[in-house]
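Quick notes on the structure that follows.
Numbering (the numbering used here), first residue to last: 197 to 1310.
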């Protein structure tokens, strides 16, 4: 048996440097943290023996334990406190109090463990510093000592096996693992013999604990030998310790210098994999030793005072902006709106959330920034005895379309904790902590540009959405409400913020989130909406004059009101045009009357949008050549860009940066180029981009577009195989879009095909982005092949379009595109692509619930693969066959097919197979039979995560939710469905209606569904199934439940026996019987009514030709 390392401390430090550490705090930690120097003693119940002595005394006092027995147990605890004696005393105390479920036992825990509070934080803060360095923290104690920390921490116990594994797998360092239970959950406390017996016999937990222990390194802090010998740890180490030691997988126990030899002898005698490490020769040295294990110094943390953050976040009540707002012009006017804001901010106003809604460029951000930062407004609006606890401005134009980053910065500011304490947590975990702070004190939070978290703006061209389109918002992907938040948890938080008194939430947005409105379209209680109009005529005049313009007041006001609707963006562009009118710079009167100035602008018959565009075209025509070249180049891009990128498009022959800076300043001064201080980037307003692009001559477009292509082609980027966000493929998207704008279709196809396409499909599920890229190839519709690319590329592009169309819920268009691609492949005898297209057509048939056609098409694909000796095609064909057999309930046949698949391996190309997909089907196969185990899901998830197979990861979350739902585990089901919904919404192109329905059902059972009937009605517009029927039944609406159950039965029947969805049919049949609804009498499958697909004869003929060539014909 291997000896422990010769240098224990060096081995410990090496293990910590490798990561995956769990620090386990024992009773010594609580005793150290509660040590009172004045009394020279720790909390009397911080130790196991001290707790049990109190229990014996209390049981005797209550007459529940005889005096002689009480004296015997006291003697055992004082004289011989072995593990067995401690458990015996604990059993006597627990029985005397009526068991762990009794009120007496709970009250006793509250009166003892519940009163333990840290006095000396040295060891606590050292452990939390290690936790913040990405290590997990666990404890064998029952108390709150480790939870006494400014940042929110989540206790999980041995009964939460999935959460323990999840904490390790998902690196959730905010979770504290209570290995022996937590006092506020008395049923989890492991104290007496029966509870130890329960945990020893709990095989699922024992498996989870062993898996957790084997894949991490444990460092025991403040743990005695008796603690490591208890029936829980003792059983773990007895089963696995010797084997781990043989493999030299060492854990570590920190001990006093004088105790190291005795501890190590104990571990060696039992052949355990634990190394005793000395922390020093006095107990006070332990915290300092723990801090030496940190990878870098971590500042001491105070739990009672706000600690300064290591970043630049100021301390409340000082104002904090993330990031600062930089306006494009001087703030003018808006006196009425400023007064409305000040009135709203007063404590007497019952409205907590005020939303300013307006079209782009109307000054929403500037208004809210001016009111918030000018001391005459926001600060003055509060009485002296009720000032703001703090003011926080957050812009969604930079942080991405989610509320999580907002919560991270808000909580870091409001608590004084480092941003890193919150950075890895999701909105759902942060919501309660944020709301608690908002309810405790009056905070002012400003959410600028909230439209960016909504479905209508969750698209690659969010920065280009024109005002005319934003005024009639739609979902470009499917049938989601365009004013819904992309993430369900964001909806929940927004709704709660409207009731966050006494705090105030100020919002600016181009759209109003649906959750802030009731079914009648009116704001919910606590919320108020104001539509921001154009400027008042005098203010509009003042804005124009701030651009250096002079003229008659009445003429200026009349012109701006009639022609610009006093819109700030248009006024700024107009000001730039007049300021650069060479015959009379800045002279409005002269410009407006001049034939080469404003006189030719025929604006009277145009609406505001047309007037705006007309003015803009005139402004572009008057630009110097260099300015117009730079503006035209930027108009070909779809995103903002930083100065380094802008320099790549320098229109001047000389590299002198001063010339470029002059051109940039010229465009800014004219109001055509915007510097966004929030993102530190330059950008064009959507209107400017559209008009500038449309006004370009063909030769200019070619020249400027080629510069864009050359620049982004040369940019280094993360390998597309590893792409996790659209930002990772941004350069490739720029190249393809620019080439398409230039009409270079073959080059665009070359740039799109392969790695970029695979990343968009498999890594990102970005189907909408795929369709937006491919649409220019198909000007005459998706069913007609492009004529300006090679035949092979035409087939490839058509197949890609078909897959994306199918994924976006357009099966008819997808089938047409597939058919054209298939004929090209058959003509070219390209059997690999033929099988690929056939498999994709099969998927389309599945989406249309044509199970017989689906199976027939996949049979063609498998036969072609076998005859053409395509091993990858054979593997995928068998995998599809396994899926069909499982769906039809042909369990024996499916098992036989799986036995053929298993030995074929999984080392196939990305285009054919993504890791975890087969294992997900296998887990589903077991779920449908009622034999699913967590191990099936875990293995599939491991492979899918490793292979970045986002679709399979999402489907596994849904499958786990389905499984938990059948078990009545509502909270676990909701958590799984929530993640599936989040992943679907993150991908922009996917609506996971089944997961959304399962989430609603689980939330309803938990009492967490805010508007149950409204949500059920929404879901009824996008899906139908037995889960939706169950939701309506749970809501008490049997008519709706019956309607949806019958619809679900009809769908599950599909083509009729034997081509049915066996699991769903069984579930729906049971539901109908539960409601006493007669089972529908539907006809079985009739082959005579199943028409051939348009290309079916051609495929059969190709198969026969292949057979003849191989000598297999009849």
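Every residue, glycine too, gets a C-beta built ideally from N, C-alpha and C.
Keep in mind it's a predicted model, so treat the numbers as computed, not measured.
For residue i, which residues does DSSP report across the bridge?
i	result
residue 351	372
residue 218	332 and 414
residue 701	549 and 641
residue 473	450
residue 1252	1255
residue 837	878
residue 650	681
residue 567	Paired residue(s): none; residue 567 is not in a bridge.
Tell me where the beta strand (DSSP E) around residue i begins and ends.
i	result
residue 334	332 to 335
residue 1281	Premise fails: residue 1281 is in no beta strand (DSSP E) and is neither H nor E.
residue 588	586 to 591
residue 725	723 to 727
residue 517	516 to 518
In whole angstroms, what separates the C-alpha of residue i from that of residue j?
i	j	result
residue 566	residue 527	7 angstroms
residue 1221	residue 1082	19 angstroms
residue 327	residue 348	13 angstroms
residue 531	residue 708	23 angstroms
residue 371	residue 321	16 angstroms
residue 478	residue 452	7 angstroms
residue 576	residue 542	9 angstroms
residue 324	residue 902	54 angstroms
residue 201	residue 1202	51 angstroms
residue 416	residue 539	58 angstroms
residue 608	residue 520	17 angstroms
residue 1105	residue 1118	20 angstroms
residue 476	residue 1115	51 angstroms
residue 391	residue 296	9 angstroms
residue 469	residue 432	11 angstroms
residue 1058	residue 1140	25 angstroms
residue 314	residue 356	26 angstroms
residue 1012	residue 1131	41 angstroms
Where do the N-terminal and C-terminal ends of the alpha helix (DSSP H) with residue i fall, by residue?
i	result
residue 609	600 to 611
residue 879	It is not in any alpha helix (DSSP H) - residue 879 instead sits in the beta strand (DSSP E) that spans 877 to 879.
residue 392	389 to 397
residue 992	987 to 1003
residue 1147	1146 to 1162
residue 861	853 to 865
residue 978	No alpha helix (DSSP H) contains residue 978, which DSSP labels as neither H nor E.
residue 196	Residue 196 lies beyond the range of the chain shown here (197 to 1310); nothing can be said about it.
Tell me which same chain residues have a C-beta within less than 6 angstroms of the C-beta of residue i, skipping the five on either side of it?
i	result
residue 948	932
residue 1146	961
residue 763	730
If you drop the 5 nearest sequence neighbours on each side, which residues of the same chain put their C-beta closer than 8 angstroms to that of residue i?
i	result
residue 281	272 and 273
residue 734	529 and 753
residue 720	691, 694, 711, 712, 713 and 714
residue 627	603, 685, 688, 689 and 692
Under 7 angstroms Cβ to Cβ from residue i, same chain only, skipping five residues before and after it: list those, please.
i	result
residue 992	949
residue 353	374, 377, 378, 381 and 384
residue 387	286 and 290
Please confirm if the region 356 to 374 is in contact with the region 329 to 344, defined as three or more CB-CB distances below 8 angstroms between the two stretches.
yes
At a cut of 8 angstroms, does the region 1160 to 1180 reach the region 983 to 992 through at least three beta carbon pairs?
no
Are three or more beta carbon pairs between the region 1242 to 1256 and the region 1038 to 1051 nearer than 8 angstroms?
yes
May I ask you to verify whether the region 338 to 346 touches the region 369 to 388, counting CB pairs closer than 8 angstroms and requiring at least 3?
Taking 8 angstroms as the limit for Cβ pairs, the verdict is that the region 369 to 388 does touch the region 338 to 346.
Examine the Cβ distances between the region 575 to 584 and the region 750 to 762 and report whether three or more of them are shorter than 8 angstroms.
no
Stretch pair the region 813 to 824 + the region 771 to 778: three plus CB contacts closer than 8 angstroms
yes
Is the region 1260 to 1280 close to the region 1235 to 1242, with three or more CB pairs under 8 angstroms?
yes
Validate contact between the region 414 to 430 and the region 223 to 234 using beta carbons, cut 8 angstroms, 3 pairs:
yes
Using 8 angstroms as the Cβ pair cut-off and three pairs as the minimum, do the region 209 to 219 and the region 240 to 250 touch?
no
Give a yes or no on contact between the region 1020 to 1040 and the region 1291 to 1302, applying the rule of three or more CB pairs nearer than 8 angstroms.
yes
Should the region 1142 to 1157 be called in touch with the region 1189 to 1203, which here means at least 3 C-beta pairs below 8 angstroms?
yes
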